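K.L.:
In our numbering, the protein residues as written are 66 to 673. Using N, Cα and C, we set each Cβ at its ideal position, and we do this for glycine too. Only a predicted model underlies this, so the values are computations on that prediction, with no experimental measurement involved. Once you've had a glance at the structure underneath, I'll fire off some questions.
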């Protein structure tokens with residue numbers, strides 16, 4: 066019996082992924098069920114039709130099976146088509162089957178019904194003639210004495226809407242011109258025809274009057290372009306128009322150019338791709354304060370076009386993972402946080418790895434993340450306080466025993482390091498791990514170096530690591546260096562009070578730090594500060610204040626021989642309002658040229 070059991074286990078281990086379709090043929094638009102076997106339990110699978118995703122994903126059960134309901138695309142050509150099920154998140158397991166599209170059967174039912182309908186219509190027209198669209202508007206048409214009078218409702222935008230309970234049919238209502246009210250006719254029913262005509266005329270005139278009054282009171286209300294565009298700072302606010310040319314500039318090794326985002330929005334993170342750059346962010350906020358999570362792509366860093374829209378929410382982070390990228394977003398509705406995790410290999414098609422309402426992520430909001438071949442580690446806040454969450458596949462998440470307000474998790478040659486503070490105290494937390502599941506704290510002799518320090522960013526050295534942030538007790542930027550991640554020393558770096566460092570990047574043996582100079586704060590905005598170093602120990606302030614005035618930085622990456630900083634420049638808006646324009650600063654790149662030597666793992670800042 067033991068040999069039989071062992072053989073059964075070996076046979077089960079050799080089962081290859083397979084799918085079957087039920088039915089395996091049908092007309093365009095017909096529903097079919099995909100049944101899979103032999104897939105990895107717990108993973109998520111997407112289903113495609115001739116290489117195009119049919120939408121959504123499904124989780125594999127513990128026995129390696131799954132079921133997915135698909136829809137044959139409308140307009141699909143007659144004949145065989147390939148349906149493929151494949152693991153998402155870089156998983157290579159896949160299986161295919163064939164679905165045959167058939168021609169719809171011929172039937173006389175439709176023509177018979179059409180004939181019957183035509184006959185009925187003809188008979189009805191003899192009893193009750195109807196005015197056509199081409200008829201003169203003042204022509205009164207006799208109708209059946211039992212016809213029901215239709216009452217029109219006039220809205221503020223001068224559009225005639227059907228009254229409550231009236232069918233809209235194909236919704237053929239039209240807007241009434243605001244210059245000359247369109248004449249309206251009605252069919253008398255009993256003695257109420259004149260009253261209805263009067264009510265409609267009065268309603269139309271009231272709507273037109275209200276519309277014209279609103280335009281005369283606030284002429285910008287209907288002409289103001291979307292927030293964040295350069296046109297917004299033009300005639301609509303009676304301010305000088307800010308153009309791309311106004312934002313272009315060069316100082317030393319740095320240049321600045323406006324980012325042409327389509328659609329308009331705000332960049333939160335950037336990573337490299339095989340064809341250039343990808344940027345993650347969100348479009349402008351709606352009335353409820355939320356935008357659409359959007360991914361932009363650019364070949365040269367100047368013009369950015371939409372690659373994907375991922376629904377309402379706020380972007381959390383984006384990092385390279387498994388020959389692609391993983392990103393997270395969150396959306397709060399009715400005091401409930403819904404966190405979603407996505408993966409893509411090309412930036413255009415994104416697979417959702419998590420299910421909406423996943424209990425393991427209930428109330429969890431990510432603030433940053435880091436990816437390796439084996440796992441994703443994310444830090445943020447949950448119902449039981451701040452901490453770290455870990456996933457092996459991007460779908461199933463568990464909370465790590467490491468608790469605290471984590472500022473950053475950085476990759477090392479042996480694993481990863483986490484920097485932060487204890488949940489209820491100000492004492493620092495610095496811990497290292499090889500699997501993100503168990504963590505060992507730094508020894509006390511080294512831990513004291515992080516007292517009162519908030520770590521914001523890091524960069525790897527040839528041997529060791531460089532971290533930077535803010536010394537909260539002294540109120541200034543700070544940089545620490547280590548050759549093994551265990552023993553740390555403070556760099557002899559004495560910046561101006563009120564400064565902080567938010568981003569680090571390195572090209573060869575040249576290091577750049579970008580942060581905020583709060584000493585220049587005015588009207589709610591500050592200048593950015595830039596420091597440069599050739600040995601990661603001695604740093605000098607770069608004389609580029611003009612390019613980085615009234616600005617904020619959101620992300621920074623090294624690409625080939627260049628460093629790119631993504632952020633925004635603030636300009637005066639209406640009254641005390643500040644408007645922002647997305648820009649990209651480039652080091653060692655005097656003009657915007659094609660991005661050279663892209664590298665998947667070059668993103669140095671994975672938190673937002």
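Measuring straight from C-alpha to C-alpha, what distance separates residue 596 and residue 546?
P.N.:
Whole-angstrom Cα-Cα distance: 16 Å.
K.L.:
What's the C-alpha gap between residue 675 and residue 543?
P.N.:
Residue 675 lies beyond the stretch modelled for the chain, which goes from 66 to 673, so this question has no answer here.
K.L.:
For residue 344, tell me which candidate among 575, 366, 355 has the shortest Cα-Cα distance.
P.N.:
The shortest Cα separation from residue 344 among 575, 366, 355 belongs to 366.
K.L.:
Take residue 492 as the anchor and find which of 506, 516, 150 has the nearest alpha-carbon.
P.N.:
Of the candidates 506, 516, 150, the one whose C-alpha sits nearest the C-alpha of residue 492 is 516.
K.L.:
With DSSP as the reference, identify every bridge partner of residue 392, one or two as the case may be.
P.N.:
Its beta-bridge partners are 383, 407.
K.L.:
I want to know whether the stretch 382–396 touches the stretch 428–437 - three or more CB-CB distances under 8 Å.
P.N.:
Contact holds: three or more Cβ-Cβ distances are below 8 Å.
K.L.:
Note down, in chain order, each residue of its chain lying with its Cβ closer than 6 Å to the Cβ of residue 348, except the 5 sequence neighbours on either side.
P.N.:
Excluding positions up to five away in sequence, the list reads 328, 330, 356, 357, 359.
K.L.:
Measure the Cβ-Cβ separation of residue 684 and residue 459 and say whether it is below 8 Å.
P.N.:
Since the first and last residues shown for the chain are 66 and 673, residue 684 lies out of range.
K.L.:
Return the bridge partner residues of residue 629 from the DSSP annotation.
P.N.:
DSSP lists 622, 651 as partners of residue 629.
K.L.:
Please go through the same chain and pick out, in chain order, the residues whose beta-carbon is closer than 6 Å to the beta-carbon of residue 133, but skip the five residues on each side of it.
P.N.:
99, 112, 123.
K.L.:
Note down, in chain order, each residue of its chain lying with its Cβ closer than 7 Å to the Cβ of residue 442, except the 5 sequence neighbours on either side.
P.N.:
Correct list, in chain order: 434, 435, 453, 455, 474, 481, 501.
K.L.:
Provide the residue span of the beta strand (DSSP E) that contains residue 582, from first to last.
P.N.:
First-last of the beta strand (DSSP E) with residue 582: 575–587.
K.L.:
What are the residues that DSSP puts in a beta bridge with residue 400?
P.N.:
Residue 400 is not bridged to any residue.
K.L.:
Between 506, 494, 528, which lies nearest to residue 477 when the distance is taken from Cα to Cα?
P.N.:
Of the candidates 506, 494, 528, the one whose C-alpha sits nearest the C-alpha of residue 477 is 528.
K.L.:
My assumption, with CB atoms under 8 Å, is that residue 127 sits in contact with residue 106. Please give the rounded CB distance.
P.N.:
That belief holds up - the Cβ atoms of residue 127 and residue 106 are roughly 5 Å apart, short of 8 Å.
K.L.:
Looking at residue 600: is its Cβ nearer than 8 Å to the Cβ of residue 591?
P.N.:
No.
K.L.:
Take residue 282 and list the residues in its own chain whose beta-carbon comes closer than 6 Å to its own, dropping the five residues that flank it on each side.
P.N.:
Note that residue 282 scores 39 on pLDDT, short of 50, meaning its location in the model is unreliable; the coordinates nonetheless yield the value given after this. Counting only Cβ-Cβ distances below 6 Å, and skipping sequence neighbours, we find nothing.
K.L.:
Near residue 412, what residues of its chain come up, given a Cβ to Cβ distance below 8 Å and the 5 sequence neighbours on each side ignored?
P.N.:
Around residue 412: 338, 343, 360, 362, 372, 373, 390.
K.L.:
Give me the Cα-Cα distance between residue 593 and residue 110, rounded to the nearest whole angstrom.
P.N.:
Near 45 Å, if we compare the C-alpha coordinates of residue 110 and residue 593.
K.L.:
Can you tell me which residues form a DSSP beta bridge with residue 355?
P.N.:
DSSP lists no partner for residue 355.
K.L.:
In the DSSP output, which residue or residues are listed as bridge partners for residue 546?
P.N.:
According to DSSP, which records beta bridges pairwise, residue 546 is partnered with 531, 554.
K.L.:
If you draw a straight line from the alpha carbon of residue 619 to that of residue 149, how long is it in whole angstroms?
P.N.:
Distance between the alpha carbons of residue 619 and residue 149: 39 Å.
K.L.:
Report the residue from 462, 467, 457 whose alpha carbon sits nearest the alpha carbon of residue 450.
P.N.:
The shortest C-alpha separation from residue 450 is found at 467.
K.L.:
Output needed for residue 472: all residues of its chain with C-beta closer than 6 Å, excluding positions within five of it in sequence on either side, in chain order.
P.N.:
If we look at residue 472 and ignore the five residues flanking it on each side, its Cβ neighbours are 484, 485, 519, 520.
K.L.:
Skipping 5 residues on each side, what residues in its chain have a beta carbon closer than 7 Å to that of residue 340?
P.N.:
Taken in chain order, the residues that qualify are 364.
K.L.:
From the DSSP output, read off the bridge partner residues of residue 152.
P.N.:
Residue 152 pairs with 110.
K.L.:
For residue 509, which of helix, strand or coil comes out of DSSP?
P.N.:
Here residue 509 sits in helix by DSSP.
K.L.:
What do you reckon, are the CB atoms on residue 316 and residue 611 nearer than 8 Å?
P.N.:
Taking 8 Å as the Cβ cut-off, residue 316 and residue 611 qualify as a contacting pair.
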